[in-house]
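Chains as they are written, first to last, in our numbering: chain P, 24 to 111; chain U, 46 to 268.
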């Protein structure tokens, strides 16, 4: 009876060690079924997104420069007008 | 400089129209496939950024020590272009990494230092815009720190173990490691560097006009 209890006890103590073992390593490759989708993440949207971002960023920057330049030119003209009036 | 402007615009336009066709014709890389083609504008965007960093660092040093206003115009223009092309690299990189590494981002030494360098140049622009009187000098000093980090960012992949490819990829490609991909890459790189030059020229013009406006305001206030 004592032996049986010792055996059960040692098995219970060893259980965590067995539970922590990594899964068995893959011993061979299995071919995908014909027609099955193997590509999980398509590359084209990522490529297009990267290219589009480069274009949008460059064009956006050109647009901001144009806007700022227009504002500076307007300010320069209005200040020159004010300075001209003040000197008269 | 003004005489160079129109030919530069035409050259950049031709290169940017031709680049997608040439990139599409380039061979596929064996393990990454289609997504590797992001390389043809990811690496050139960093090359354009390093060009802008060189201009920004030299101009900032000249402005800081010689108080040259033209150098200040070049420094602010180059800092903005640095941030723009850095952003292109920081966005196109994760899009490539998502497919190649399975993750958008890794706190790897190259990626982290590149992000920090971008943040230093953003800080430089923020200091300049919101720092109040005298902030131009502070921004120039910040840009010098940004410029000092650039060589470390570039060599990080050779010094430390990282998931990012090493710097030898580009020279090997140009030597012919992947036949048919050297020319599209070279043309794309030239296109990006010329685009950065063009944007800096336009931005310098804006900075000079802003300086003229500030001087006119001061004259008007005094009179």
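Cβ atoms here follow ideal geometry from the backbone N, Cα and C, with glycine treated the same way.
One alpha carbon belongs to residue 48 of chain P, the other to residue 58 of chain P, and they sit about 27 Å apart.
A distance below 8 Å separates the beta carbons of residue 102 of chain P and residue 261 of chain U. Residues of chain P whose Cβ lies closer than 9 Å to the Cβ of residue 78 of chain U are, in chain order, 66.
Where residue 110 of chain U is concerned, the enclosing alpha helix (DSSP H) starts and stops at 84-111. In the DSSP assignment, residue 216 of chain U falls within the unbroken alpha helix (DSSP H) covering 214-220. Between the beta-carbon of residue 134 of chain U and that of residue 87 of chain U there is about 6 Å, and that keeps the pair under the 8 Å contact cut. Taking a C-beta cut-off of 8 Å against chain U, the contacting residues of the stretch 89-105 of chain P are 91, 92, 95, 96, 98, 99, 102, 103 and 105, listed in chain order.
With fewer than 16 other Cβ atoms from the protein chains shown falling within 10 Å of its own Cβ, residue 73 of chain U counts as exposed.
In the same chain as residue 192 of chain U, and ignoring 5 residues on each side of it, the C-beta atoms closer than 6 Å to its own belong to 98 and 102, in chain order. Residue range 114-145 is occupied by the alpha helix (DSSP H) that includes residue 114 of chain U. Shown in chain order are the members of the stretch 244-257 of chain U whose Cβ falls below 9 Å from a Cβ of chain P: 244, 247, 248, 250, 251, 254, 255 and 257. In the three-state reduction of the DSSP assignment, residue 74 of chain U falls in the strand class, which pools E and B.
For the C-beta of residue 52 of chain P, not a single chain U residue is nearer than 7 Å; the gap to the nearest is close to 16 Å. For residue 255 of chain U, the uninterrupted alpha helix (DSSP H) segment begins and ends at 227-267. Segment contact: the stretch 59-74 of chain U against the stretch 233-251 of chain U, three or more CB-CB distances shorter than 8 Å; contact assigned. When secondary structure is reduced to three states using DSSP, residue 78 of chain P falls in the helix class. Look at residue 109 of chain P: its C-beta is under 8 Å from a C-beta on chain U. Looking only at U:144, U:229 and U:190, the smallest Cα-Cα distance to residue 77 of chain U is reached by U:144. With a beta-carbon spacing of about 7 Å, residue 137 of chain U and residue 77 of chain P fall inside the 8 Å limit used to define contacts. Going by C-alpha positions, residue 108 of chain P is about 20 Å away from residue 95 of chain P. At a Cβ-Cβ threshold of 8 Å, residue 130 of chain U and residue 90 of chain U count as neighbours. Within chain U, no C-beta atom comes nearer than 8 Å to that of residue 75 of chain P; the closest sits roughly 10 Å away.
Judged by DSSP in its simplified three-state form, residue 54 of chain U adopts helix. For the pair residue 167 of chain U and residue 194 of chain U, the CB atoms are not nearer than the 8 Å cut-off. In this structure residue 170 of chain U touches residue 124 of chain U by the C-beta definition: roughly 6 Å separates them, less than 8 Å. Residue 83 of chain P counts as exposed, since fewer than 16 other beta carbons sit within 10 angstroms of its beta carbon. Annotation for residue 181 of chain U: the continuous alpha helix (DSSP H) segment containing it runs 180-204. Residue 56 of chain P sits in coil when the DSSP states are folded into three classes, being neither helix nor strand. Of the residues U:147, U:181 and U:82, the one whose Cα lies closest to the Cα of residue 110 of chain U is U:181. In the three-state reduction of the DSSP assignment, residue 211 of chain U falls in the coil class. Taking 8 Å as the CB threshold, residue 183 of chain U stays off the interface with chain P.
Here residue 63 of chain P carries a coil assignment [DSSP, helix/strand/coil].
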